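Some notes on the structure that comes next.
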Amino acid sequence: MSDDAIRYDAAHIQVLEGLEAVRKRPGMYVGSTGERGLHQLVFEVSGRAVNEVPAGRAGSVDVTLTPDGWVRVDDDGPGVPVEAAGDTRGPGLEALLTRMHTGAEPRGRNAASLGLFGIGPCVTNALSSRLTAEVRREGVRWVQEYARGIALTPPTAAGPATGGGTTIAFLPDPDIFGTAEFSFDVLAERFRELAFLNGDLDISLTEERPPGGFRSERFQYPGGARDFVAFLDARAGAPVHPDVIGFEREDPRIAGTVEVALRWCGSREERVRTFANSRPTPGGGTHAAGFRDGVAAAFNAYARERRLLTAADPDLGVDRIGDGLTAVVSVKLDRPEFLGSTNGVLGGAAVRACVGEAVREHLGRWLKGHPEQAAAVIGRIVQGARRD
69 MSDDAIRYDA
79 AHIQVLEGLE
89 AVRKRPGMYV
99 GSTGERGLHQ
109 LVFEVSGRAV
119 NEVPAGRAGS
129 VDVTLTPDGW
139 VRVDDDGPGV
149 PVEAAGDTRG
159 PGLEALLTRM
169 HTGAEPRGRN
179 AASLGLFGIG
189 PCVTNALSSR
199 LTAEVRREGV
209 RWVQEYARGI
219 ALTPPTAAGP
229 ATGGGTTIAF
239 LPDPDIFGTA
249 EFSFDVLAER
259 FRELAFLNGD
269 LDISLTEERP
279 PGGFRSERFQ
289 YPGGARDFVA
299 FLDARAGAPV
309 HPDVIGFERE
319 DPRIAGTVEV
329 ALRWCGSREE
339 RVRTFANSRP
349 TPGGGTHAAG
359 FRDGVAAAFN
369 AYARERRLLT
379 AADPDLGVDR
389 IGDGLTAVVS
399 VKLDRPEFLG
409 STNGVLGGAA
419 VRACVGEAVR
429 EHLGRWLKGH
439 PEQAAAVIGR
449 IVQGARRD
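Residue 379 in the numbering used here sits at position 311 of the sequence shown, with consecutive numbering throughout.
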């Protein structure tokens, strides 16, 4: 082999500028060039709008799938700053749509995380054949157009505006995504989830595409995790106890909050959903382990005290307690520690201890305050354990 064939130096390094890297390797930024990636384009744009609500700057978010293949995301906030107007109060419109991480989701316990890697709407811009932005801010309506991440026009004042807000509409690039199509149901599931986990959020999803025609859903659940459990239980058979047990607690030891809701139903299936900063954690983590620790401790203490377990009976195991259990465990932390790049598993030893303590104390109080319901749940679990 010649020296030229094996030599590797700076001349062999390809430097990709700006959004060129996103178009070169789209899967690295949105997960795939199929349906999953298409949905991520929506989440990267809507994440900014959604986080205007808990910040107190907006009241609602509307997402629309249009008949011509576009997606429109609209919020009623103050409108993002516009550099052309000399507005320097935060990242401006052009920076939001062209610079990585400039428009990344805010951090902290109140931030709802929708993006994969916190890069922001510029990813959607780079992977769209066309994108238009409209900002209604301080009485002026501003518009700007892009093609494959490149600005076709500067932000341009287009007359007076009534109210405030930002609207971003985009058409995914068919050269990248081929014939993949958006799924209303997949988008609805994630937006519904966000609304359950953030009681002040009001978000709608509308489909105007043929052949299904028009349909629209609005997601708003002030009951939070309790409403989430009731929704998950809808097809799980009759509940063993009517009440959805739930609580929310702030804990300075983890610089965050813990929200838990749970109920047992007649089926033997376990439905436990865990989240950290509104992000699903399918791999579980310390909050999931703490939840199970707390449930087992509360149940075993109560069962021993009320002699629902004999001296010969072993403690109720976590696996047995989960039969028929529906639960939502949501922690919101100022500084979450995720394990791995996909943020699917939560770390932090203090989280396990604090969640376990909170569940044990609250569930223990509920068991003592509702002896008939407690006996029904524990009796079912004990009988199942003895049968096994």
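For each residue, glycine too, the CB sits at the ideal point set by N, CA and C.
What you are looking at is a predicted structure, and each value in this text was computed from that prediction instead of being measured.
Counting other Cβ atoms within 10 Å of its Cβ, glutamate 261 reaches 16 or more and is therefore classed as buried. Leucine 265 sits away from phenylalanine 245, with the two beta carbons spaced by 9 Å or more. A Cβ-Cβ distance of about 6 Å is found for the pair valine 419 and glycine 358, placing them in contact under the 8 Å criterion.
A distance below 8 Å between beta-carbons, with the five flanking residues on each side excluded, links arginine 341 to the following residues of its chain, in chain order: Phe296, Leu300, Pro348, Ala395, Val396 and Val397. At the C-beta level, glutamate 275 and leucine 133 come within 9 Å of one another.
Put simply, of Val148, Gly447 and Ala356 the residue whose alpha carbon is nearest the alpha carbon of arginine 205 is Val148.
For a cut-off of 8 Å, the C-beta gap from alanine 364 to valine 386 is around 5 Å, short enough to register as a contact. Linking aspartate 241 to threonine 192 through their CA atoms gives a straight-line distance of about 10 Å.
Look at the beta carbons and you see the region 110–128 not touching the region 214–225: under three pairs across the two are nearer than 8 Å.
DSSP places valine 340 in the uninterrupted beta strand (DSSP E) bounded by 339–344. If you compare the alpha carbons of Gly232, Leu164 and Asp253 with that of isoleucine 218, the shortest gap goes to Leu164.
The beta carbon of serine 197 sits closer than 8 Å to those of Ala215, Arg216, Leu239, Pro240, Asp241, Pro242 and Asp243, all from its chain and outside the five residues before and after it, given in chain order. Beyond the five residues adjoining it in sequence on each side, valine 413 comes within less than 7 Å, by CB distance, of Thr349, Gly351, Gly352, Gly353, Phe406 and Leu407 in the same chain, given in chain order.
Counting C-beta pairs closer than 8 Å gives fewer than three between the region 309–318 and the region 369–384, which falls short of the contact rule. The alpha-carbon of threonine 101 is positioned some 50 Å away from that of leucine 435. Phenylalanine 282 is classed as exposed because its beta carbon has fewer than 16 other beta carbons within 10 Å across all chains shown. For threonine 394, the enclosing beta strand (DSSP E) begins and ends at 393–401. Per the C-alpha coordinates, the member of Leu273, Arg277 and Val445 positioned closest to glycine 334 is Val445. Residue pairing of cysteine 190 in beta bridges, as defined by DSSP: absent, with no partner found.
For isoleucine 322 and cysteine 422, the gap between their C-alpha atoms comes out near 8 Å. Apart from sequence neighbours up to five positions away, the residues of its chain that approach aspartate 383 with a beta-carbon distance below 6 Å are Asn368, ordered along the chain. Using a 10 angstroms sphere on the CB of glutamine 108, the tally of other CB atoms reaches 16 or more, which defines it as buried.
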